[in-house]
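Student: Here it is, the structure, as structure tokens.
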Amino acid sequence: MSDCVRYPAPGCVVEYMEGNAVQIALITEEVGGRLRLLLPNRRETRLNASRLLPWLGPMHGADLGREEAVRLLEQHKKSREDLAADVPVMDVWELAQGEVSVAPATWFAELFTSDPSTDQVSAYGRALLACKSHFRFQPPDFQVFPADMVEKRLVEEKNRLEREALIAGGAAFLRMLWDVACRKRELPPPPSEGSVSVEWPSDEVAESLEEVLRSRMVDPEGQEYDALWRTLGKGLPDVPHLPLQLLVAWGKVPPHYNFWLDRAGYVSGDTWWTPHSEQVDALVRAAQSCEMPDAALFASAAPAGCMCDEDISAVATEAPAASPSLLFEPGPLPESPLPFISIDSASTRDVDDAFHVQPTEDGYLLTLALACPALYWPFGSPLDKAVLHRGTSIYLPEGDCHMLPEVLGTAAYSLIANESRPAMCVEVPVDSSGRFGPCRVYLARVRLAANLTYCDSQAVLNAQAESSDAPLPENPAAAHAGQLRSGLDLARKRQGARIEDGAVVMDRPDPAISLEGEGGEVRVHVGPDYSAPDAQMLVAEMMILASAAVAHWALERGMSMLHRVQDVVLPREYAGIWSTPQDMTRIMRALTPSGLEVQAKPHAALGLDRYTPMTSPLRRYPDLVNEAQVVHFLCTGQPRWSEDMLLRLLQALSPALDGAGQVQRFRPRYWKLLFFRQQGDKVWWPGVITEENDAFVSVSLPDQGMFVRGRRKLFDDRAHPGLQVDVRIGKVHPLYNEIMILEAATTG
40 MSDCVRYPAP GCVVEYMEGN AVQIALITEE VGGRLRLLLP NRRETRLNAS
90 RLLPWLGPMH GADLGREEAV RLLEQHKKSR EDLAADVPVM DVWELAQGEV
140 SVAPATWFAE LFTSDPSTDQ VSAYGRALLA CKSHFRFQPP DFQVFPADMV
190 EKRLVEEKNR LEREALIAGG AAFLRMLWDV ACRKRELPPP PSEGSVSVEW
240 PSDEVAESLE EVLRSRMVDP EGQEYDALWR TLGKGLPDVP HLPLQLLVAW
290 GKVPPHYNFW LDRAGYVSGD TWWTPHSEQV DALVRAAQSC EMPDAALFAS
340 AAPAGCMCDE DISAVATEAP AASPSLLFEP GPLPESPLPF ISIDSASTRD
390 VDDAFHVQPT EDGYLLTLAL ACPALYWPFG SPLDKAVLHR GTSIYLPEGD
440 CHMLPEVLGT AAYSLIANES RPAMCVEVPV DSSGRFGPCR VYLARVRLAA
490 NLTYCDSQAV LNAQAESSDA PLPENPAAAH AGQLRSGLDL ARKRQGARIE
540 DGAVVMDRPD PAISLEGEGG EVRVHVGPDY SAPDAQMLVA EMMILASAAV
590 AHWALERGMS MLHRVQDVVL PREYAGIWST PQDMTRIMRA LTPSGLEVQA
640 KPHAALGLDR YTPMTSPLRR YPDLVNEAQV VHFLCTGQPR WSEDMLLRLL
690 QALSPALDGA GQVQRFRPRY WKLLFFRQQG DKVWWPGVIT EENDAFVSVS
740 LPDQGMFVRG RRKLFDDRAH PGLQVDVRIG KVHPLYNEIM ILEAATTG
């Protein structure tokens, strides 16, 4: 390098880093390592010699005039920039990788040029400084990164650039979206293809921005975009569900979007199962055949074939080496001669239970027919894992979300009248005092005589209550009046027996929520639903009885099951039927939420020592599991899963049930709040005080199934639980779950 300089001196061209960029200068004075430099812009600066980049030169005369010195600097600057642009940086890295780990800029320049000039060395130095993904400057040398490090740094650099672009183009856009959400302005039209808008981000930034907003909508506490969101959100209000509101303003999700489904990871509609269509088709064919299951379902891994993620799948390897002996012969399921009937709401399509009641000398013999998808269910399969992730069906005013594919849950396995279906039958004797005896469980092919509705059944029961010879209403339930009469008598005896055992019965009808219109124009109506108390109690008591009877059946056989428990001790005086809001609120304060456990414990509110849910296998995954446990025992003489296996299953299932439970709780409440907001704050609503203290008073609105709260000073001195009041509602924000009493007046 003929024009290199070893030590800086006046007249020498040098370079240094300033503001993350290479600067060129000419030394005009040097005193004890302190340099005075002339810059191309004719200004001067002072610098320590230690800050110079390790390529010095060329050397020019110390007596150069200022204009001549500036002209030379401009020439060197342009030459070095042009040369740097032509440096094949990737070729340099390819040649250097594996040869050296560190080297000076001169070494890299000599790979392509013999005896390089200072300008050429500077060009290579500049190029390597700019390529931070492949090289690191460690004065006076450059470190050469290995291939794996380069790949990692390229990803980091890409993410950094995307983040910077997102912040630069996204923050202002989000502020504009918030103005749209607050109705301060209209959303401007997006730019046409190929054009640019100052108000809209680029397509790449918009895509990333939508991803961030959706992620924060689903998981507000997530760490993936936490720092980025804090930066983007500067200047925006700290309000609940801000990402959702911005997405609605943007038009990426519709008004009143059900984000709770996204948080639960629950896919609505009936297309989620299409990747598993072969398994679904096989289950449809099995249901149509109504034959005993293939022995392969019970072979080798059958007692442990589990149905969740990798953790649980390991259970399959714990199966016994020998296949269980089968207790059935191949062929059709035995046909039940009983004319079962079902009672459901008029809109129900997933009919999973039906009954037949036969009077006996000392009471009744009740036989429950339960839909039996567990007979052929492929536990551990991709379809099973998808169903486990759903956990339960969800019923909402805007539509139902079924746990199973609808072709299975509402068709092939639904107990539709006059069609043969595989079923699990539970036969339970009930004496005249309402106490049940040991049950018999068996598999059968059933054909229902009728699918009745609550309204029709209640009309028949009402007519029977008026007079034994009163004419029956002309509806489908009239043909089964005897079954309804016997069923109601059995149900009343069972309810009485449960109350003797401490059961708490809440007579609290749920209101009906209906929607009209679409999108932002939707109108909500909330009011009393149809009244069918006897018919609903009849069905409820039979389902409770079946689950309690099977729980004892499993206990006698040493079988582990999933139990619904509520292990709390209630005062004896709490047992009974309660209908007033103040009484129900008082008792609910003493109850704890029920939960699923493998260890059997009492269920206080039901008045049962053990309770095994299994009457809704089309709608709830725990019921499907319990039914499968019983099916396996009936077919092989041993349970499918051990207690430890069920415990591990429950650990995987609980998050899915919790997420779906939040959807079922919060979504109807959202529609109720929207109903109140649409009614305005001038309407007076009748209610009953349920609780009061020095600060607040809580009021139940029975017709709407809502509890609201207001400040104590809004009520007069007579306020106490049970007092009827009229209240005026305001400050309603459905998305924020906010509602307040604005004014209260004592009735009468």
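In the working numbering, each number is its position in the sequence shown, counted from 1, plus 39. Heads up, the beta-carbon is just placed ideally off N, CA and C, and yes, glycines get one too.
Using DSSP with H/G/I as helix, E/B as strand and the rest coil, what is V771?
Tutor: V771 sits in a strand when the DSSP states are folded into three classes.
Student: Just the Cα atoms here: how many angstroms apart are G96 and P127?
Tutor: 23 Å
Student: Can you look up G438 in the DSSP assignment and give me helix, strand or coil?
Tutor: strand
Student: So, helix, strand or coil for Y569, using DSSP?
Tutor: In the structure shown, Y569 sits in coil (DSSP, three-state: anything other than H, G, I, E or B).
Student: May I ask you to list the residues that DSSP assigns as paired with G634?
Tutor: Under the DSSP definition of a beta bridge, G634 partners with V604.
Student: Once the 5 residues before and after D350 are set aside, which same chain residues still bring their CB inside 6 Å of it?
Tutor: Because D350 sits at a pLDDT of 48, beneath the cut-off of 50, its placement in the model cannot be relied upon, and the following sentence gives the value as read from the coordinates. Excluding residues within five positions, none has a Cβ falling inside 6 Å.
Student: Kindly give me the distance between the Cβ atoms of A462 and V485, rounded to whole angstroms, as I take these residues to be in contact under 8 Å.
Tutor: 4 Å
Student: List in chain order: all unbroken beta strand (DSSP E) runs of 3+ residues lying wholly within the segment 440-504.
Tutor: 459-470, 479-486 and 489-492
Student: Under DSSP, the alpha helix (DSSP H) around D320 begins and ends at which residues?
Tutor: S316 to S328
Student: Whether or not the segment 531-544 and the segment 466-474 are in contact is what I'm after, with contact meaning three or more pairs of Cβ atoms, one per stretch, closer than 8 Å; do they touch?
Tutor: yes
Student: Could you tell me if N38 is buried or exposed, where buried requires 16 or more neighbouring beta carbons within 10 angstroms of its beta carbon?
Tutor: With the chain represented from 40 up to 787, any question about residue 38 goes unanswered, as that position is not in the structure.
Student: Please state whether the Cβ-Cβ distance between S459 and D389 is less than 8 Å.
Tutor: no
Student: To the nearest angstrom, how far is the alpha carbon of L781 from that of L205?
Tutor: 44 Å
Student: Beta-carbon within less than 7 Å of L696's beta-carbon, same chain only, minus the 5 sequence neighbours each way: which residues are those?
Tutor: G430 and T431
Student: S586 and V604 look like a contact to me (Cβ under 8 Å); what is the Cβ gap, rounded to whole Å?
Tutor: In fact, because the Cβ distance is near 12 Å, the residues do not count as touching under 8 Å.
Student: At which residues does the beta strand (DSSP E) containing P750 begin and terminate?
Tutor: Rather than Pro, the amino acid found at residue 750 in this sequence is Arg. Unbroken beta strand (DSSP E) run through R750: M745 to R750.
Student: Classify L712: buried if its beta carbon has 16 or more other beta carbons within 10 angstroms, exposed otherwise.
Tutor: buried
Student: Just grab the DSSP bridge partners of C51 for me.
Tutor: M98
Student: If we count Cβ pairs, one from each stretch, closer than 8 Å, do we get three or more for the segment 706-724 versus the segment 560-568?
Tutor: yes
Student: So which of R105, G58 and L92 has the shortest CA-CA distance to L78?
Tutor: R105
Student: If you count every other CB in all the chains shown that lies within 10 Å of the CB of Q522, and 16 or more means buried, which is it?
Tutor: buried
Student: Could you round the C-beta distance between T675 and D662 to whole angstroms and report it? I think they count as a contact, below 8 Å.
Tutor: 21 Å between Cβ atoms; not a contact.
Student: For the segment 479-495 against the segment 364-382, are there 3 or more C-beta pairs whose distance is under 8 Å?
Tutor: yes
Student: Which ranges would you report for the alpha helix (DSSP H) in the segment 539-602 if only whole runs of at least 4 residues count?
Tutor: Counting whole runs of 4 or more residues, the segment 539-602 contains the alpha helix (DSSP H) stretches 572-595.
Student: Just list the alpha helix (DSSP H) runs in the segment 684-710, keeping only unbroken ones of 4 residues or longer that don't cross its boundaries, in chain order.
Tutor: Taking only runs of at least 4 residues, no alpha helix (DSSP H) segment lies wholly in the segment 684-710.
Student: Considering Y403, what are the terminal residues of the beta strand (DSSP E) in which it resides?
Tutor: G402 to A410
Student: Across which residues does DSSP place S381 in a beta bridge pair?
Tutor: N490
Student: Going by alpha carbons, who is nearest to D265 out of S156, S553, V251 and G274?
Tutor: V251
Student: Whole angstroms are fine: how far does the CA of D755 sit from the CA of G304?
Tutor: One Cα belongs to G304, the other to D755, and the distance between them is close to 47 Å.
Student: Judging by CA-CA distance, which residue of T406, I626, Y434 and L193 is the nearest neighbour of V467?
Tutor: T406
Student: For P620, which residues from the same chain have a beta carbon less than 7 Å from its beta carbon, with the 5 sequence-adjacent residues on both sides left out?
Tutor: V727, T729, S739 and P741
Student: Can you give me the C-alpha to C-alpha distance between A639 and V669, rounded to a whole angstrom?
Tutor: Going from the Cα of A639 to the Cα of V669 covers about 16 Å.
Student: Do you know offhand how far D568's Cα is from S553's?
Tutor: D568 and S553: Cα-Cα distance of roughly 10 Å.
Student: Which word fits E54, buried or exposed, when buried means at least 16 other C-beta atoms lie within 10 angstroms of its C-beta?
Tutor: Taking a 10 Å sphere around the C-beta of E54, we find 16 or more other C-beta atoms and assign the residue as buried.
Student: DSSP three-state call for F147: helix, strand or coil?
Tutor: helix
Student: Based on DSSP bridge pairs, tell me the residues matched to G615.
Tutor: Residue pairing for G615: DSSP places it in a beta bridge opposite V543.
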